[in-house]
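**Student:** Numbering (the numbering used here), first residue to last: 7 to 563.
#1: Using C-beta distances below 7 Å, list every residue in its chain close to residue 233, excluding the 5 sequence neighbours before and after it, in chain order.
#2: Take the Cβ of residue 152 as the centre, count every other Cβ of all protein chains shown within 10 Å, and call the residue buried at 16 or more, exposed below.
#3: In its own chain, which residues sit with a C-beta less than 7 Å from the C-beta of residue 190, not counting the 5 before and 5 after it?
#4: With a Cβ-Cβ cutoff of 8 Å, do residue 22 and residue 51 count as a contact?
#5: Grab me the residues of residue 386's own chain with a C-beta within less than 7 Å of its C-beta, minus the 5 sequence neighbours each way, in chain order.
#6: I'd like to know whether the C-beta atoms of residue 186 and residue 67 end up nearer to each other than 8 Å.
#7: Quick check on residue 208: buried or exposed, where buried means 16 or more other Cβ atoms within 10 Å of its Cβ?
#8: Between the alpha carbons of residue 381 and residue 287, how many angstroms are there, rounded?
#9: Can you tell me the Cβ-Cβ gap for residue 374 and residue 251, rounded? I've got them flagged as a contact below 8 Å.
#10: Tell me, please, whether the region 253-269 touches the region 400-416 by the rule of three or more beta-carbon pairs shorter than 8 Å.
#11: Using DSSP with H/G/I as helix, E/B as strand and the rest coil, what is residue 126?
#12: Run through the DSSP bridge pairs and tell me what residue 349 is partnered with.
#13: Between 31, 34, 262, 75, which lies nearest to residue 46 when the distance is taken from Cα to Cα?
#14: What is the residue span of the beta strand (DSSP E) that residue 134 lies within?
#15: Considering only their Cβ atoms, is the gap separating residue 124 from residue 273 smaller than 8 Å?
#16: Do you know offhand how far residue 24's Cα is from residue 73's?
#17: What are the boundary residues of the beta strand (DSSP E) that includes residue 318?
#18: Give every residue of the same chain whose Cβ lies closer than 8 Å to the Cβ of residue 28, excluding the five residues on either side of it in the sequence, and list them in chain order.
#19: Can you tell me where the beta strand (DSSP E) with residue 101 in it begins and where it stops?
#20: Excluding the five sequence neighbours on either side, which residues of its own chain have a C-beta within less than 7 Å of the C-beta of residue 421, listed in chain order?
#21: What does DSSP give as the partner residues of residue 64 in its beta bridges?
#22: Taking all protein chains shown into account, decide if residue 424 is buried (16 or more other Cβ within 10 angstroms of its Cβ) or exposed.
#23: So, under 8 Å CB-CB, residue 79 and residue 121 are touching, yes? Tell me the CB distance rounded to an integer number of Å.
#24: In terms of alpha-carbon separation, which member of 167, 130, 162, 133 lies closest to residue 144?
#25: Take the Cβ of residue 137 as the centre, count every other Cβ of all protein chains shown within 10 Å, and call the residue buried at 16 or more, exposed below.
#26: Which class does residue 200 belong to by DSSP, given the choice of helix, strand or coil?
#27: So, at 6 Å on beta carbons, what are the nonlocal neighbours of residue 231 in its own chain, with the 5 sequence-adjacent residues on each side left out?
#28: Does DSSP put residue 252 in a helix, a strand or coil?
#29: Indicate the three-state DSSP secondary structure (helix, strand or coil) for residue 38 in the structure shown.
#30: Taking the DSSP output, what are the residues bridged to residue 304?
#31: Under DSSP, the alpha helix (DSSP H) around residue 184 begins and ends at which residues?
#32: Between the alpha carbons of residue 98 and residue 262, how many angstroms are there, rounded?
#33: Using 8 Å as the Cβ pair cut-off and three pairs as the minimum, do the region 341-360 and the region 192-207 touch?
#34: Using the three-state DSSP reduction, which class does residue 358 fall into: helix, strand or coil?
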């Protein structure tokens, strides 16, 4: 199979055509106009005529050049047009878009929904579903059963649902491979080949990528039919983004936090992305910046999918203006107003460097890219510089107080590495302190003869309670019967000193001594008081305990 290579560099005075002039359906043109898109970018201008005609093609352009609408607009146009060669929409997927990452899956789904909001199928509005890992199967299976016209997904989950017969690929008329080189790097090529064997042979296939390594070219020649290879460039553009000001500094690992904190306070700094090589480093940098007072979020593989989507949503809506991400996320975040990109660690190779800094300077805007090279990363950076021809083989040694850092990036001289704490955090601290001082209530309950009593009844009485108890014992000095007088004594023997009743009977001397001197205030009748706890504390000695029966005998006489 032979493919045609079409390389085009548009003139500086060239006026890009509108989507309507290229023959796109009015419903799609209207939807794009509502989000401020009227004229095409270079890759879109070159791919739309061929894609609308149903031809296979390979689109190659650097990131940020509008590849999503380069395949999304013709995809929506063809599946919604009766005479385009595709079958009518009936709730079974007619188009399939395969992407490497979950974040890119969400982004492409949103773009297709925005562009196709006025298109309809046999039941109503055209439906686009996103299928990717990290989400429950049930909701995705339910969406497929309810009817879907376009499916956007990652290779692993797509293959899983297709093998379970939940995803029907037998009617797919348009197939798109987006960011194919990234899928190759992530090891998805075998899964993609299996998916391609499940779709009909008669289809339109479009492959889009920023770079075109050998295995991707082999894949294209195997599964595409006479594709046209389109490589689009704008005047005086290069792969390293001439609209992006690039600064490279040699920084010490222990000082990178301070350097970044000052860069984030540069004049004109807007939404900023910080890239790391590892997940652990990404979370570490995010935590450190949060402690310094910056509004920061993180996106990496150790976070759950819901947490990653929440961080991206806050970043898009401006609730946070700093996002720390790993290299995988660099392919799935499409935000036009990112002003700064910071490489906390040197990228692995020149392709990763291009993708990282491609997050800024998008859609004709300008941006700033800062790369911090540690001492052990100098060889890696030298290879990147040589491959891209940047002309910065020896980065200048830079620290957080270096004057050229402030001059290059427009950092005020009086900034520090920490922002002021937000007031609500201090209020939260006060609440926590108050909660610590609140005493805990004990829920233990005590019982006497099977009945629940209050804590005050079993403990040491107050002075007033003791006085009341003494008055009650005086009135009870003459019991009505022997049984009434003996009941408290038996209770005391049963509760306090079980098994000693016979010992008290064998010691009459103690009993007689108690009979000889009863207290006038009624202390001798204390066992008959209503304060059993105080009585137990005052009758701990064996002699006093044995003499408790003497007043009973005297009263009986």
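Idealized CB from N, CA, C, for every residue including glycine.
Note that the structure is predicted; figures quoted are calculated from it, not measured.
**Tutor:** For this structure:
#1: The beta carbon of residue 233 is closer than 7 Å to those of 9, 62, 63, 64, 226 in its chain, skipping five residues each way along the sequence.
#2: Around the Cβ of residue 152, a 10 Å sphere holds fewer than 16 other Cβ atoms; the residue is exposed.
#3: Annotation for residue 190: 219, 221, 222 place their beta carbon closer than 7 Å to its own, counting only its chain and skipping 5 residues before and after.
#4: Taking the C-beta atoms as reference points, residue 51 is found nearer than 8 Å to residue 22.
#5: The residues are 352.
#6: No; because the gap between Cβ atoms is not below 8 Å, this pair is not in contact.
#7: Answer is exposed; the Cβ neighbour count stays below 16.
#8: The alpha-carbon of residue 381 is positioned some 17 Å away from that of residue 287.
#9: Confirmed, Cβ separation roughly 5 Å.
#10: The answer is yes - the region 400-416 touches the region 253-269, with three or more Cβ pairs under 8 Å.
#11: Of the three classes helix, strand and coil, the one that applies to residue 126 here is strand, per DSSP.
#12: DSSP lists 281, 377 as the beta-bridge partner residues of residue 349.
#13: Selected option, being the one with the closest Cα: 75.
#14: Unbroken beta strand (DSSP E) run through residue 134: 134-137.
#15: For residue 273 and residue 124, no; Cβs fall outside 8 Å.
#16: Each residue's Cα considered, the two are about 16 Å apart.
#17: Taken as a continuous stretch (DSSP letters only), residue 318 belongs to no beta strand (DSSP E), being part of the alpha helix (DSSP H) at 311-323.
#18: Taken in chain order, the residues that qualify are 46, 51, 54, 55, 58.
#19: 101-104 is the span of the beta strand (DSSP E), which, as asked, contains residue 101.
#20: Contacts found: 268, 271.
#21: Looking at the DSSP assignment, residue 64 forms a beta bridge with 213, 235.
#22: Sixteen is the threshold: since fewer than 16 other Cβ atoms of the shown chains lie within 10 Å of the Cβ of residue 424, the residue is exposed.
#23: Right, their Cβ atoms sit about 6 Å apart.
#24: Of 167, 130, 162, 133, the smallest CA-CA separation from residue 144 is found for 167.
#25: The residue in question, residue 137, is buried, as its Cβ has 16 or more Cβ neighbours within 10 Å.
#26: In the three-state reduction of the DSSP assignment, residue 200 falls in the helix class.
#27: Hits under 6 Å: 62.
#28: It is a strand residue.
#29: In the structure shown, the three-state DSSP call for residue 38 is helix.
#30: Per DSSP, the beta bridge partners of residue 304 are 330.
#31: Counting along the chain, residue 184 falls outside any alpha helix (DSSP H), though it belongs to the beta strand (DSSP E) covering 180-184.
#32: If you take the alpha carbons of residue 98 and residue 262, they lie about 52 Å apart.
#33: Verdict: no, contact absent.
#34: Assignment of residue 358 by DSSP, reduced to helix, strand and coil, places it in the helix class.
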